[in-house]
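Protein chains in written order, with our numbering: chain A, 1 to 309; chain B, 1001 to 1303.
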């Protein structure tokens, strides 16, 4: 690999003396390159191990007994692959319920975010009217505020509306806090769509609403997909909002997965059922690994879409 | 064309704006007002106390502790993450040398990129709970188990106040690096190949290429990365709540503003005081973002 740079160097069109000096320094550089690249290889491999090890260890530990976890070698394979811990995590620790709650909340909130976000972004991007910029900046300004600033009043607002500990409240709040970025991103995207197609459709007698749903949305698909992935992962991983809004007596039946795992982690300490905790963790990691393995490319571009402008 | 334009605009904007104003703008505006009251949620009407909450804030030890932790996070987390991610991104994109005039990554680049990015997909809470076991203070923890194999004494990652915050920095960096590897890779891919070609012809080594070509051309991306990581450093609530001893302990050694806001609001019902902390956090975040964009402003290199 190191030799690939070298051959082109002497071929450089340069004066004879210069070429000689260059050949000398190339040798030194080649050594430098060799050292750098082997160090680099080691560093890459080490980081890969650092990333994989905790996850693999978690999955392995979910099959172990408490004795194995505490007294055995942490790197040992489990003695037998029992699924008892999974049964306990699923039913007694309610991971199954939390998981389904998360699926329910996130499917509705992402659908709502996409629908309302796209509608607002589309109008703000393509229909000039008095107050357009004001509303646009109202949405975008939401990006500058930390959610913690709103935490107390948000709790009160949701409480006053009688939406505390309800899915409706949580879903509406998820949508509201996803709108700034969604509108910001999609407005930029809708701006780039060609005007000629829209004009042709209008001449053919399409209404504004039909133009949006049947022509603009399909054309904006790549942008919509990126931002949908961004929102799904963001809302799935949300912790602060559910913890603030789904609390108090009887709320635990409606907890989402992140809340549930945090609570299992606390109670695992009292009940000393670490295997069930590891099983619960595995149950929440595995779907992510599967989804990530399938949609790896889309997820990477979706999540980084906010930063690459 | 003009027919039905305004009904359409209103129809499309009404619901999104209503949801947004109710749950985002409204609360943000109220926060500034609540911060000047002593409301504890019990009395019907909050009482106006002016800047009393802020005075109290300035003499609150735990507030200053949290600020100090944010400063540590603000310096250590972006610095470590960006340095590691830059190095890896360079190895994965340019480290393999040129092949037919195109700079390529080292062998296995694709695999590394996929693996490194994965933690980003996981919820911070899940990561926090995993690391609460990885950092377990006895041999049952992954790290202390590994140290035990070498006969080393167990490290009290979360219980030792001098180590705890750094353990948290470690987790945050662990999770973030992959995201920035991908981000920087995208930036590096957009560097025109003839620049690297010309550098290769001039006999530039890989480190020269990195410092003279990649880094300057990546400046904008780096700036974005720093702002993102900085904003993340002002958060850190989820990881502290899940991972640290006593939610921000031991003895406040890992607490952050988000943690204190949450505690004051939902454990002590000090709504006014919690809002004042929120206002302080807001001004800190804004100041940081503005400063970063200002200080790091450089002429963009036109290609």
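We treat Cβ as the ideally placed atom computed from N, Cα and C, and that holds for glycine.
Next item on the list: Return the residue from the list A:243, A:118 and A:277 that minimises the CA-CA distance to residue 212 (chain A).
Entry: A:118
Notebook entry, point to check: Going by DSSP, what residues sit across from residue 1048 (chain B) in a beta bridge?
Noted result: B:1037
Note to self: Quick check: what's the CA-CA separation for residue 1111 (chain B) versus residue 1117 (chain B)?
What the structure shows: 10 Å
Notebook entry, point to check: Is the Cβ of residue 1063 (chain B) closer than 8 Å to any Cβ of chain A?
Noted result: no
Note to self: As a quick exercise: from A:279, A:287, A:304 and A:297, pick the residue whose alpha carbon is nearest that of residue 87 (chain A).
What the structure shows: A:279
Check: So is residue 1285 (chain B) in contact with chain A if we call contact Cβ pairs under 8 Å?
Finding: yes
Next item on the list: Kindly give me the distance between the Cβ atoms of residue 1155 (chain B) and residue 1142 (chain B), rounded to whole angstroms, as I take these residues to be in contact under 8 Å.
Entry: 12 Å between Cβ atoms; not a contact.
Note to self: If the criterion is Cβ atoms closer than 8 Å, does the pair residue 1276 (chain B) and residue 1029 (chain B) meet it?
What the structure shows: no
Item checked: Integer-rounded CB distance, given that residue 110 (chain A) should sit under 8 Å from residue 232 (chain A) -> 5 Å
Checklist line | Within-8 Å CB hit, residue 1267 (chain B) to chain A | finding: no
Item checked: Among A:161, A:42, A:222 and A:84, nearest to residue 188 (chain A) - alpha-carbon criterion -> A:222
Item checked: Contact residues within the region 131-143 of chain A, judged by C-beta distance below 7 Å to chain B -> 135, 138, 139 and 142
Check: Name the chain A residues that come within less than 7 Å of residue 1004 (chain B), Cβ to Cβ?
Finding: 207 and 208
Note to self: List, in chain order, every chain B residue whose beta-carbon is nearer than 9 Å to that of residue 93 (chain A).
What the structure shows: Simply none; closest approach about 12 Å.
Notebook entry, point to check: Sorted by chain position, which residues of the same chain lie with C-beta nearer than 6 Å to residue 57 (chain A)'s C-beta, five sequence neighbours on each side aside?
Noted result: none
Margin query: Can you tell me whether residue 79 (chain A) is helix, strand or coil according to DSSP?
Written below: coil
Checklist line | Beta-carbon proximity check, residue 157 (chain A) vs residue 1274 (chain B), cutoff 8 Å | finding: no
Next item on the list: Would you please state the rounded distance, in angstroms, between the beta carbons of residue 54 (chain A) and residue 1134 (chain B)? I believe it to be under 8 Å.
Entry: 5 Å
Next item on the list: Could you check if residue 1149 (chain B) is buried or exposed, using at least 16 other CB atoms within 10 Å of its CB as the buried criterion?
Entry: exposed
Next item on the list: Helix, strand or coil for residue 1112 (chain B), going by three-state DSSP, please let me know.
Entry: helix
Next item on the list: Using a threshold of 8 Å, state whether the C-beta atoms of residue 135 (chain A) and residue 1017 (chain B) are closer than that.
Entry: yes
Check: If you run the structure through DSSP and keep just helix, strand and coil, what is residue 219 (chain A)?
Finding: helix
Check: Can you name, in chain order, every residue of its own chain whose Cβ lies under 7 Å from the Cβ of residue 243 (chain A), other than the five neighbours on each side?
Finding: 259
Checklist line | Backbone CA spacing between residue 1121 (chain B) and residue 1047 (chain B) [nearest angstrom] | finding: 44 Å
Note to self: Counting C-beta neighbours from all protein chains within 10 Å, is the total for residue 1014 (chain B) 16 or more, i.e. buried, or is it exposed?
What the structure shows: exposed
Notebook entry, point to check: Is residue 1069 (chain B) helix, strand or coil when you go by DSSP?
Noted result: helix
Margin query: So if I threshold CB-CB distances at 8 Å, which residues from the region 1246-1275 of chain B count as touching chain A?
Written below: 1257, 1258, 1261, 1262, 1265, 1266, 1271, 1274 and 1275
Notebook entry, point to check: Quick check: the region 288-301 of chain A against the region 97-114 of chain A, are there 3 or more CB pairs under 8 Å?
Noted result: no
Checklist line | residue 123 (chain A) vs residue 240 (chain A) beta-carbon contact at 8 Å | finding: no
Checklist line | Identity of the residue in A:132, A:100 and A:45 nearest residue 1108 (chain B) by Cα | finding: A:45
Next item on the list: Would you kindly work out how many angstroms separate the C-alpha atoms of residue 245 (chain A) and residue 162 (chain A), rounded to a whole number?
Entry: 11 Å
Item checked: Residues from the region 1008-1039 of chain B in contact with chain A, defined by Cβ distance under 7 Å -> 1008, 1009, 1012, 1013, 1015, 1016, 1017, 1019, 1020, 1022, 1023, 1024, 1025, 1026, 1027, 1028, 1030, 1031 and 1034
Notebook entry, point to check: What is the residue span of the alpha helix (DSSP H) that residue 1161 (chain B) lies within?
Noted result: 1161-1189
Next item on the list: Output, in chain order, the set of chain B residues within a Cβ distance shorter than 7 Å of residue 265 (chain A).
Entry: 1129, 1132 and 1242
Next item on the list: Thinking residue 208 (chain A) and residue 1005 (chain B) are a contact (beta carbons under 8 Å), I'd like their distance in whole angstroms, please.
Entry: 7 Å
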